[in-house]
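What follows is one structure encoded as structure tokens, with my remarks underneath.
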Amino acid sequence: MVVALVCGGGNAAHVLAGMGASRPDTEVRVLTLYADEAERWEKALEGTTLCVTSKPDKKSYTANPTKVSKDPAKVVPGSDIIMITVPAFAHAQYFSAIKPHMKEGVVIVGLPGRAGFDFAAHGILGEKASCCTLISFESLPWACRLTEYGLSASILGTKQVLQGAMQLGTPNPPQDPVAMMQRLLGERPVLKTSGHLLSMTLMAVNSYIHPSIMYGRWHDYDGLPLKDAPLFYQGVDEMAANMLTKTSDEGVSVAKEIMKLRPAVDLTTVTPIIEWYQRCYSGEIGDPTNLMTSLHTNKAYDGLKHPVTENEDESVVPNFKYRYLTEDLPFGLAVVRGVAEIMKISTPNIDKVLLWGQEKIGKEYLVQGKLNGKDVCETRAPQAYGLTTLDAVLGF
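The sequence shown lines up with residues 104 to 499 when you count with the working numbering.
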């Protein structure tokens, strides 16, 4: 018997709860801390069953979690694996909630973990973090959506492979952590974990993609309204594609320098962004000649537009308070920049995007070339947790 706890109340939480609960010898519980979500979910399930439909393979999974609660004391104790499905800005709240109640040997999964997942886990869980096995995955296993709260959700597409990294705790989990997770998800995606957890920070692709594309499109914006929102990925010009390449390459440089200094640390999954696209979207990209053509011809990106705010006359202006900056800077690019600073590696392109973006969201992270602005404490950069050396960042 595996006791699995799903943290969150959104799209992914519903899919994971329904799919996981349908597996034999598996008990699934749900912890959702947001507003009245737990109450709504429990009420929805009275006399009925959660149904998850997978459109690609036309399968359905029908099963209910045994408990849905806002109270961690009711669902955390006894959990073998805890899967956090909420956005990165909410991770701290869940780490704090589970801390008093989790058992030694528990597996904690960031689905996805995003940049700095391990820094946050150790910073908030303290000594208890060493008693947990931490796994961070690069993304969600599927594209999915909630169709009726507490009752139904749809899987629109499933990844074939999902890359992650793992740090074993002491004591070791009673079962293989990846096998436990695979059992909940089924055959696809195939879960792969390799290398150091830091690789998931340096390869958190949204850290590079969203801020770089926002910068490319709006860094010289004249403030005039537009008739329509421009295409986000498929509207990328050569300048934006080059900026994305350069910010990603700076992250790769950090990984290579760390491996040079610490040969036992495996960060080989940190690759240039073009290689990531070729790996994850090979079947969707029509023209893989370069990064710009890959973005323009990626079917998965068809029609996706820049975040905008609509005016009364239906014209639009860019929305800089969207998650592409408000989340992907403090829980993304700033984290990479913090690791680079500890390594004394210059990151001129990351700096350029970060300085522009922090001004747009009214924050101060990078000041005069140092990540010591007044809002660094709101990020997941290592500096926010008092980590100032490479060994501290690596958890040695």
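Cβ coordinates follow ideal geometry from the N, Cα and C atoms, glycine included.
Note that the structure is a prediction, hence the values are computed from the model and not measured.
Buried/exposed call for residue i, threshold 16 Cβ in 10 Å
{"i": "residue 402", "result": "exposed"}
{"i": "residue 131", "result": "buried"}
{"i": "residue 172", "result": "buried"}
{"i": "residue 154", "result": "buried"}
{"i": "residue 242", "result": "buried"}
{"i": "residue 270", "result": "buried"}
{"i": "residue 472", "result": "exposed"}
{"i": "residue 182", "result": "buried"}
{"i": "residue 372", "result": "buried"}
{"i": "residue 461", "result": "buried"}
{"i": "residue 440", "result": "buried"}
{"i": "residue 382", "result": "exposed"}
{"i": "residue 415", "result": "exposed"}
{"i": "residue 157", "result": "buried"}
{"i": "residue 298", "result": "buried"}
{"i": "residue 324", "result": "exposed"}
{"i": "residue 386", "result": "exposed"}
{"i": "residue 151", "result": "exposed"}
{"i": "residue 470", "result": "exposed"}
{"i": "residue 327", "result": "exposed"}
{"i": "residue 159", "result": "exposed"}
7 Å Cβ shell around residue i - same chain, five flanking residues per side excluded
{"i": "residue 332", "result": "408, 409, 411, 419"}
{"i": "residue 161", "result": "none"}
{"i": "residue 137", "result": "112"}
{"i": "residue 388", "result": "380, 397, 400, 401"}
{"i": "residue 309", "result": "431, 435"}
{"i": "residue 413", "result": "419"}
{"i": "residue 423", "result": "463, 464"}
{"i": "residue 351", "result": "311, 375, 376"}
{"i": "residue 559", "result": "Any property of residue 559 remains undetermined from this structure, which presents the chain solely from 104 to 499."}
{"i": "residue 140", "result": "112"}
{"i": "residue 216", "result": "239, 240, 303"}
DSSP beta-bridge partners of residue i
{"i": "residue 401", "result": "388"}
{"i": "residue 419", "result": "329, 413"}
{"i": "residue 164", "result": "155"}
{"i": "residue 230", "result": "Residue 230 is not bridged to any residue."}
{"i": "residue 186", "result": "109, 212"}
{"i": "residue 131", "result": "107"}
{"i": "residue 257", "result": "156, 248"}
{"i": "residue 294", "result": "265"}
{"i": "residue 238", "result": "212, 269"}
{"i": "residue 356", "result": "Note: residue 356 sits in no beta bridge, so no partner."}
{"i": "residue 408", "result": "334"}
{"i": "residue 172", "result": "134"}
{"i": "residue 473", "result": "470"}
Residue i vs residue j beta-carbon contact at 8 Å
{"i": "residue 255", "j": "residue 247", "result": "no"}
{"i": "residue 456", "j": "residue 484", "result": "no"}
{"i": "residue 219", "j": "residue 304", "result": "yes"}
{"i": "residue 380", "j": "residue 397", "result": "yes"}
{"i": "residue 187", "j": "residue 112", "result": "no"}
{"i": "residue 230", "j": "residue 274", "result": "no"}
{"i": "residue 301", "j": "residue 370", "result": "yes"}
{"i": "residue 463", "j": "residue 478", "result": "no"}
{"i": "residue 430", "j": "residue 192", "result": "yes"}
{"i": "residue 236", "j": "residue 276", "result": "yes"}
{"i": "residue 260", "j": "residue 240", "result": "no"}
{"i": "residue 121", "j": "residue 176", "result": "no"}
{"i": "residue 119", "j": "residue 179", "result": "no"}
{"i": "residue 289", "j": "residue 234", "result": "no"}
{"i": "residue 116", "j": "residue 135", "result": "yes"}
{"i": "residue 360", "j": "residue 306", "result": "no"}
{"i": "residue 493", "j": "residue 364", "result": "yes"}
{"i": "residue 468", "j": "residue 450", "result": "no"}
{"i": "residue 184", "j": "residue 205", "result": "no"}
Same chain, Cβ closer than 8 Å to residue i, five either side skipped, listed in chain order
{"i": "residue 475", "result": "486"}
{"i": "residue 319", "result": "339, 340, 342, 343, 344, 346, 347"}
{"i": "residue 251", "result": "147"}
{"i": "residue 199", "result": "227"}
{"i": "residue 169", "result": "124, 130, 131, 132"}
6 Å Cβ shell around residue i - same chain, five flanking residues per side excluded
{"i": "residue 480", "result": "487"}
{"i": "residue 427", "result": "313, 317"}
{"i": "residue 337", "result": "399, 404"}
{"i": "residue 197", "result": "110, 187"}
{"i": "residue 281", "result": "294, 296"}
Nearest-angstrom Cβ-Cβ length linking residue i and residue j, presumed shorter than 8 Å
{"i": "residue 436", "j": "residue 453", "result": "6 Å"}
{"i": "residue 286", "j": "residue 105", "result": "7 Å"}
{"i": "residue 354", "j": "residue 311", "result": "7 Å"}
{"i": "residue 296", "j": "residue 376", "result": "Rounded, the Cβ-Cβ distance is 21 Å, inconsistent with contact."}
{"i": "residue 498", "j": "residue 225", "result": "7 Å"}
{"i": "residue 210", "j": "residue 283", "result": "7 Å"}
{"i": "residue 368", "j": "residue 442", "result": "Contact flag wrong, Cβ pair sits at about 12 Å."}
{"i": "residue 126", "j": "residue 253", "result": "With 8 Å as the limit, residue 126 and residue 253 do not qualify as a contact, their Cβ atoms being about 20 Å apart."}
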